[in-house]
Structure formats: structure tokens, C-alpha cells
Amino acid sequence: MQKQSTFRSPVLPFLLLTPQVAVVLLFFYWPAAQAVWQSFLLQDAFGLSTTFIWFENYAELLTQPEYYEAVLRTFIFSAAIAGSSLSFALLLAVMADKPLRGSGLYRTLLIWPYAVAPAVAGVLWIFMLHPSLGVLARGLRGMGIDWNPQLNGDHAVTLIVLAAAWKQISYNFLFFLAGLQAIPKSVLEAAAIDGAKPMRRFWTVTFPLLTPTIFFLIVVNIVYAFFDTFGIIDAMTGGGPAKATETLVYKVYLDGLLGGNLGSSAAQSVMLMVIVVALTAIQFRYVERKVTY
Amino acid sequence: MVEAQGFRRFVAHFILWIGIAIVAFPVYLAFVASTQDAASIANGQMSLLPGSHLIENYTKTIFVGSSGSTREPVGVMLFNSLVMALAIAIGKIAISILSAYSIVYFRFPFRMAIFWMIFITLMLPVEVRIYPTYKIAADFGMLDSYAGLTLPLIASATATLLFRQFFMTVPDELLEASRLDGAGPLRFFWDTLLPLSRTNMAALFVILFIYGWNQYLWPLLITTRDDMQTVVIGIRKMITTTDALTEWPIVMCTAVLAMLPPVAVVILMQRLFVRGLVETEK
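Chains as they are written, first to last, in the working numbering: chain A, 1 to 293; chain B, 1001 to 1282.
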């Protein structure tokens, strides 16, 4: 935890800490505390008077069917984004792990989308699947699908899942590749000598040894689907049509901004904090396991 | 590895090229669209090969901007994005290396309490406390300023943890040796620790630059003036709900320009990028 030999100074360590602590207090603890405080308040429509109402904001939130719909929607989004992006990235990583000519080039060509901003990824996919001028939408119409994400909620959800999963492929690919390269080749060779065919080797040796990576990536992808999709959703659909793409984070934003319902928005923020802390706790348990492994 | 012969190897190459095509196609399409004139995109029959309006479109985008919506040249937005990304990256590295140094190399009361106080911030992204943070920034008069754009995003523990981890691996003998040479804590930090941390700082810089450049929700709230917009916000505002007003060639030029700096950083500094990504997630 700390060095054996250290410096001693009455003031210097505090001086060194001041910038970090000041920023953290001002822009982290103070606003987080305010969010908790606000979630207990009811503000009238003009912001003139506030009343302390204990847990009524939470109670009201938990009686709204829309809230449960948003929770469910967010989990469906997470599952779809994590599922599609992880499986595709795993396939690519398994291929790139083979001793191939040009494997360095493959890696470079697959990792750069990490740097594309979510909102920009959203714009690229809107353009590609735009109902009247998108190149891919033309193809879909040719196949007899009446593609229109601006009116059809399912289409809008598909659009966002595609853009979000597309952007996340490179991240997952990179970690899968690192995980695969950490598996000792001797284990696989032993399995091959025992007569296991490549497919069987993958499912009985590689995949189990990769579970820590998979687990870690599932948590990261869920957090990504919760928060980083904000830019994609705002750029692509703005939560619509008819709330079909309104996730929990987007609902916090809309309720606070447009509805002016700060109390409810704050209560939602606090609920989100709880979810994130739970997810992070799961992740830390995994990290511990990796260390002792 | 074991037997990766003829046919299997061909399949692997094939799948990888399909993956690359899927990953690259949306960007290729954006580039193609950015070289066409508005009419040939609007009629829905866009060619899949680059057109002849490349220079014209990019010049208009950078120096004039989209006439319908944001009325601000994209050059200005790119500059704002650059300032924000650099300030976040450098600011985070600077304040975290100082605090990590203090926590690892000094003994003082409340050391662990302060460490935990910083550590907990890891858990909550800015999205969940967005309105109170906005209000604080507004109270400090930070709306539409570079300070408002960057300072709240600097509050994070990742970098502090990373430096702490690295300092723990630095041999104690170095400290004792420089102490024998008569060096004080600041001298040791500047002459010994900083040069040793150079690679870590560079790797972190790459990750934080991308993080800063791609920020969306916070700049969206904190900037109201057009000339303070970042490029990621600007592009969003160029897409109007009434389709007829969206100038797609300009939007796509902006998309390409918005992707260029962070993608270039990833490709040119690939080794540092991979290192930074793996280490910040540990």
C-alpha cells in the first residue's frame, strides 16, 4: 500500500493533493450530494418554492409503469448491444489469434473505431440507414422491408443497437485478443495431441480459460450500453419514436431538461448511481479473482 | 499454434476481411458522401465511388459551415474540441500524478481517507449527477467557457490509481539514493520519478485525449453559444428534423473531420494506445 521509505513533511503532501481534492469535492461530491438532496424535494413549476417530501419522488417513480418500461428497455438494449458486439468481436479475435501473415495489419484495421465518438457513430449509421437516402435502406426496401426508423420503434431500436455494437467491436476485440494470447499454447497443443479437433479445443479449452475476460467485458459493455449510448441516442432518435429508445440515462436528461421535474430526475439519478455501484462492485470482485487466479 | 493449414488459414483471412469491411464501411460511405454534391445524395441514388466535390465541400465545411443550422465554421468547432481534449488530458495527468505522489511517498494523517475519497469517484460517471454539476458550473459563471467544458471532467480517479500502481513498482533504492545525494521530495519527483513515468503518461494521454475529444452530454449542456461548440455537438445540430434542410455533404465532411484526430492518434500511437487502454481498465 505504501513505500517503506517515505518523505516527511507537514505541508507538502497536502499541497500536492489540493488540486485533485478541490476538483473532486467541487464537481463530484457536492453535485452528488445535491442530487441526493434534490431527490427528497418537490419543486413547483416555477421553481419558486420547494417542499421536503421524503421518499415521495421515489415512491412516485416506482409506481409509474413508464419507469419500469425504461428499466426493461435499458436492459434489452444492454443485452442486445453486449451480445452482438461480444460474439462478433470474439469471432474476429479467435481468427486474428492464429499465426497469419499480416496479423498486425488486421489488428490496426480493427481497433481504430474505438476512437469514433458515439454521436458521430450515430450520424454515420443514420446516414447509411436513412429511409429516403440511405444506401443500406435502399437494399432493405429492395428486400421488401418497409424500413422507417423515424416512425417504427423496433426499427429505431435496431438502428441504435447496430451503431452502438459497431462502435464497441474494436474494444472487445482488443481485450479478447489479449486474453487469447495469454492462454499458454502448450495447453492447446496437449489437447490437440489428445485428438481434440479445433472446434472442440475452442469450447473445452480456450473458452473456459477466457471466462474472466468475457465476464469483465460483459460488465464493461453493460456500463457502455447504459451511459455511452447517450450520444448515439441523442444524435439518432432523441428517445423516440414514442419513447421506443428512451433509456434510463436519456430519461434523466429529458425529465430534468424538458419536464423541469428536477426532483424526479434527481431520484432517477440516485437510482442509476445505485445500479452503477452494484455493477462496479461485481467488477471488482472479478478483479480480485483475477489476482488470486 | 497447432495446425493452421491451407483451408483454415484461408477461412481466417476471409472472416477478418469481412470484419474489416463491416467496421470500415460506414466510414467509407461518409467519406464518399463528403465528396458529392447535395443533389446526388438527396435523390437517394448516391454513387459508391468518391465524387468530384472534395475540395469544395471541405473548404466550405471548415471555413463557412452548414448554412442552415449551426452557422458556425467547423474549423472553430475543431479548435474547441482540440482545446477541450488537450485540457482534459493534460489536466487529469497533472493533478493525478501529484496526488498519487503524495499518497505513495508521504506519511500524513487522513492519507487513507483521502485515497478512498478519490477512489470512490471511479464509480460514477458524470451522467448520473449531470444537473447539479451543471448548476454548480453555472453558479461559478463557467457556462460557455473552456474552464466549464473541462474542469468537471477532470474529476476522476482512474489516472491517480494508475500512477499509484506504477509508483509502487519503483524500487525504494532510488528514493534512498537520491536522498543520499541530498535531494528533497520535489527534486526527487522532478528528476527521478517524472522521467520514469514518461511512458505511462504518454499512454494515459492517448486514452484521455480520445475520451475528451468524444465527450457529448457535458458539452451539450454547458455550451449555449455557437462559437463555443465542440465538433461532436456541432454535427448533431446539423441534422435537422426536417430532412430537406440537412446538408448531407457538409454533415459528412464534419463527420470525417471529427473522426480524423482521435483515429489518427490511435493508429499512429497504437502501442501506447493499447497499453493505456489495458492499464486504465485494470
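C-beta atoms are modelled at their ideal positions from N, C-alpha and C, and glycine is treated no differently.
- For V1278(B), there are no CB contacts under 7 Å within the same chain when 5 residues up- and downstream are skipped.
- In the DSSP assignment, F173(A) is bridged to no other residue.
- Per the coordinates, the alpha-carbon of L254(A) lies some 38 Å from the alpha-carbon of Q1270(B).
- At a cut-off of 7 Å between C-beta atoms, M95(A) counts as an interface residue with respect to chain B.
- In this structure, the straight-line span from the alpha carbon of T1059(B) to that of V1231(B) is close to 16 Å.
- When 7 Å is used as the limit between beta carbons, M128(A) is near these residues of chain B: P1026 and L1029, in chain order.
- Close CB contacts of Y106(A) within its chain, under the 7 Å cut and outside five residues either way in sequence, are with A96 (chain order).
- For G240(A), no Cβ of chain B is located within less than 7 Å of the residue's own Cβ.
- Taking the C-beta atoms as reference points, W1218(B) is found no nearer than 7 Å to P1262(B).
- At a cut-off of 7 Å between C-beta atoms, A1255(B) counts as an interface residue with respect to chain A.
- Excluding sequence positions up to five before and after F1115(B), its CB lies within less than 6 Å of the CB of I1103, all in the same chain and listed in chain order.
- Taking the CA atoms as reference points, S132(A) sits about 10 Å from Q1045(B).
- Using a 10 angstroms sphere on the CB of T213(A), the tally of other CB atoms reaches 16 or more, which defines it as buried.
- In the structure shown, the three-state DSSP call for F1115(B) is helix.
- Under the 7 Å criterion on CB atoms, E1176(B) is classed as interfacial with respect to chain A.
- Shortest Cα-Cα distance from A1030(B) to any of N148(A), V219(A), N172(A) and F127(A) involves F127(A).
- Three or more beta-carbon pairs separated by less than 8 Å link the stretch 1033-1048 of chain B to the stretch 1247-1266 of chain B, which places the two stretches in contact.
- Scanning its chain for C-beta atoms nearer than 8 Å, with the 5 sequence neighbours on each side dropped, one finds no residue around A33(A).
- In this structure, L16(A) places its C-beta atom within 7 Å of the C-beta atom of L1098(B).
- For D1139(B), the enclosing alpha helix (DSSP H) begins and ends at I1130 to D1139.
- When C-alpha distances from T206(A) are compared across G195(A), A191(A), V219(A) and V220(A), the shortest belongs to A191(A).
- What T51(A) touches in chain B, judged by beta-carbon distance under 8 Å, is nothing: the nearest beta carbon there is about 19 Å away.
- In this structure P1026(B) is buried. Its beta-carbon is surrounded by 16 or more other beta-carbon atoms within 10 angstroms.
- Within chain B, not a single residue places a beta-carbon under 7 Å from that of S85(A); the smallest gap is close to 11 Å.
- Non-local C-beta neighbours of V252(A) in its own chain, meaning closer than 8 Å and more than five positions away in sequence, comprise S265, Q268, S269 and L272, ordered along the chain.
- Using a C-beta cut-off of 8 Å, the stretch 136-156 of chain A makes no contact with the stretch 49-65 of chain A, since fewer than three inter-stretch Cβ pairs fall below that distance.
- Residues of chain A whose Cβ lies closer than 8 Å to the Cβ of T1169(B) do not exist, since the nearest Cβ in that chain is about 11 Å away.
- Residue-level contact by beta carbon holds for G256(A) and chain B, with a gap shorter than 7 Å.
- Taking 8 Å as the Cβ-Cβ cut-off, the stretch 143-157 of chain A has no residue approaching chain B.
- Scanning its chain for C-beta atoms nearer than 7 Å, with the 5 sequence neighbours on each side dropped, one finds around R201(A) the residues L188, A191 and A192, in chain order.
- When secondary structure is reduced to three states using DSSP, F7(A) falls in the strand class.
- Rounded to whole angstroms, N152(A) and G238(A) show a C-alpha spacing of 14 Å.
- Going by C-alpha positions, V116(A) is about 13 Å away from T229(A).
- By a beta-carbon distance limit of 8 Å, R73(A) contacts T247(A). Their separation comes to about 6 Å.
- A Cβ-Cβ contact shorter than 7 Å links V24(A) with A1155(B).
- For T6(A), the chain B residues whose Cβ falls inside 7 Å of its Cβ are Y1105, F1106 and R1107, in order along the chain.
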